[in-house]
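Visitor: Each step along the sequence shown adds one to the number in the numbering used here, with nothing skipped, and position 119 is 119.
Let me begin by handing over the structure; questions about it come next.
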Amino acid sequence: MQFDPQRHIAELENPARFAFEDVRCYLCGSRACEPFLIGEDDLTGKEGRFAYVRCTNCELVYQNPRLPVDQIKEFYDSEYIAHRKKKDWGPLTPLYEHAMSKHDRDKDKLVSRYIRIDSGTEVFDVGCAVGTFLLHLNSRYGCAISGLDFKEGLAYPGFERIEFYQGLFYEAPIARDRYDLVTMWHFLEHCYDPERSL
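Now the structure itself:
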């Protein structure tokens with residue numbers, strides 16, 4: 001008997017407000033899948049149990065069923081690690097600032113292997129969260145910076161320097177050949193339509 005993700009929803013014992021949707025495999029489009037694991041939100045402690053399945057056609061592991069995009073937003077609030085602001089870490093703030101700064105410098109080193117960044121460079125970061133990577137590049141090189149996140153209200157010190165787009169990447173009104181560098185750090189695993197985004 002084939003695994004049915006919709007019948008599996010009741011076993012997850014989620015709040016009634018969650019309206020799950022069945023999705024096809026992101027890679028091959030098949031509906032055939034088998035259970036892989038059940039996961040919870042360990043970072044913020046928000047309620048909910050989520051099923052991951054393995055496509056029996058191509059073996060991609062993905063979440064199915066999933067919350068619709070309008071409901072998933074509650075998991076990306078100010079408690080979500082990428083959306084936290086410097087002041088939200090209490091006594092750990094200096095450690096957080098050091099770690100994030102190193103993380104952004106490491107990303108800078110990686111992209112600098114492939115492109116020379118200067119004041120004439122235009123950079124776009126998909127899933128930019130609070131924009132620390134973009135702000136790092138802007139401070140270091142003076143480049144123009146733009147970012148997109150599906151969450152609004154991500155105000156962070158310096159965020160006003162970012163040309164910010166709120167919404168889904170594949171729906172954003174972005175000129176096709178405008179940018180010299182487009183990054184997607186930690187984006188695809190959150191994306192609702194990876195094929196369209198790429």
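Cβ coordinates follow ideal geometry from the N, Cα and C atoms, glycine included.
Just so it is clear, the structure is predicted and the values come from calculations on it, not from any experiment.
Based on the DSSP secondary-structure assignment, which residues constitute the bridge partners of G39?
Guide: Partner(s): F50.
Visitor: Residue ranges of each alpha helix (DSSP H) run of no fewer than 4 residues wholly in the region 125-198, ordered along the chain?
Guide: If we require 4 residues or more, the alpha helix (DSSP H) runs fully inside the region 125-198 come out as 132-141, 194-197.
Visitor: Hey, is N138 close to the ligand NAD, as in C-beta under 7 Å from one of its heavy atoms?
Guide: As far as ligands go, the structure on display features none, and thus does not contain the ligand NAD.
Visitor: Nearest CA to the CA of D193: which residue from C55, P35, V69, F36?
Guide: Comparing Cα-Cα distances from D193 to each of C55, P35, V69, F36, the minimum goes to V69.
Visitor: Nearest CA to the CA of E47: which residue from D125, A175, Q71, H190?
Guide: For the residues D125, A175, Q71, H190, the minimum Cα distance to E47 belongs to Q71.
Visitor: Between which residues of its own chain and A16 is the CB-CB distance below 7 Å, once the five residues before and five after are set aside?
Guide: Closer than 7 Å at Cβ, skipping near neighbours: no residue.
Visitor: Using DSSP with H/G/I as helix, E/B as strand and the rest coil, what is H83?
Guide: In this predicted model, H83 has a pLDDT of only 47, less than 50, meaning its place in the structure is not dependable; the value taken from the coordinates is given anyway. Looking at H83 - three-state DSSP - the assignment turns out to be helix.
Visitor: Within its chain, find whatever has a CB closer than 6 Å to the CB of F124; leave out the 5 residues flanking it on each side and keep chain order.
Guide: Excluding sequence neighbours, F124 sits near S146, Y179, V182.
Visitor: Return helix, strand or coil for A16, following the three-state DSSP convention.
Guide: Residue state, collapsed to three classes: coil.
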